[in-house]
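The opening residue of the sequence shown carries number 1 in UniProt numbering; numbering runs sequentially from there.
Just below is one structure, and these are the notes that go with it.
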Amino acid sequence: RSAMEKGKGHGGIVCFVPSKAFLECFKTIFTQQIDQKLPYHFEDLKSFERDCRTRSTVLFSVMGGRLSEGINFSDNFCRMLFVIGLPFPSMTTEINERIKFYGKNFLVNIAMKTVNQSLGRALRHKNDFASIVLIDQRYENHIEMLSPWIQEKIKKSIFQDVFKQTHSFLKEQTEKYFNSKQK
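Pasting the structure below:
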């Protein structure tokens, strides 16, 4: 939030979580315990887009859900993207059979494919920009499974430094964006 407030513009903050259960936990925390200065929405695209046109706004959604596949959060609709956790599929008989056939990496492959799909929602054209934060130590073990465009830009950071880096990146990119519009 602070990185967005300090920038010249406004924009969307999209947070993808690994499951519906995780999303429900966030709902409980945000509606009962956190005094938010930014509007936030849970899988409500219309309200998010409406609020995002005039101020920074947060959208929470599930990876692999309808908002992480097929929806484009280009330009100001996503200036920050948080991907929290790894979206492993629910264990079903079919999934267990596939694990037996393909091996244990089957689950990781599915999860990382879903992560890559979610990452692609934020950057939709060559002049688009967003700060992308992957929040889970397990990403360290699977960097090679991320899309090449993300691999070349990835930086490992401690949590406190993420916000400084994000603020710096967004300030720099926003200035470039506004300067290019004025020409």
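Note that CB positions come from ideal geometry on N, CA and C, so glycine has one too.
- Closest to Gln137 by CA distance: which of Asn127, Lys126, Ser157 is it? Working through the sequence shown from its first residue, we reach residue 137 at position 137. Gln137 has its Cα closest to that of Ser157, out of Asn127, Lys126, Ser157.
- Item | Residue nearest to Thr28 in terms of C-alpha spacing, selected from Leu38, Phe42, Cys15, Phe16 | Position 28 of the sequence shown holds residue 28. That would be Phe42, whose Cα lies nearest to the Cα of Thr28.
- Task: Name the one or two DSSP bridge partners that Thr57 has.
- Result: In the sequence shown, counting from the first residue as 1, residue 57 sits at position 57. Partner(s): Gly12.
- Minimum length 4: unbroken alpha helix (DSSP H) runs contained in the region 101-145: 105-119
- CB contact flag (Ile154, Leu119, <8 Å): Start at 1 with the first residue of the sequence shown, and residue 154 comes out as number 154. Start at 1 with the first residue of the sequence shown, and residue 119 comes out as number 119. Not a contact, by the Cβ cut-off of 8 Å.
- Determine contact between the region 88-100 and the region 138-147, defined as no fewer than three beta-carbon pairs at a distance below 8 Å. no
- So which of Glu94, Ile84, Ile132, Glu152 has the shortest CA-CA distance to Met63? Here residue 63 refers to the residue found at position 63 when the sequence shown is read from its first residue. Cα-wise, what sits closest to Met63 is Ile84.
- Express the C-alpha separation of Glu69 and Leu81 in angstroms, rounding to a whole number. Reading the sequence shown from its first residue, position 81 is the one you call residue 81. Reading the sequence shown from its first residue, position 69 is the one you call residue 69. C-alpha separation (whole angstroms): 14 Å.
- Item | Proximity to Ala111 [Cα-Cα], best of Gln160, Val17, Leu170 | Position 111 of the sequence shown holds residue 111. Nearest of Gln160, Val17, Leu170 to Ala111, Cα basis: Val17.
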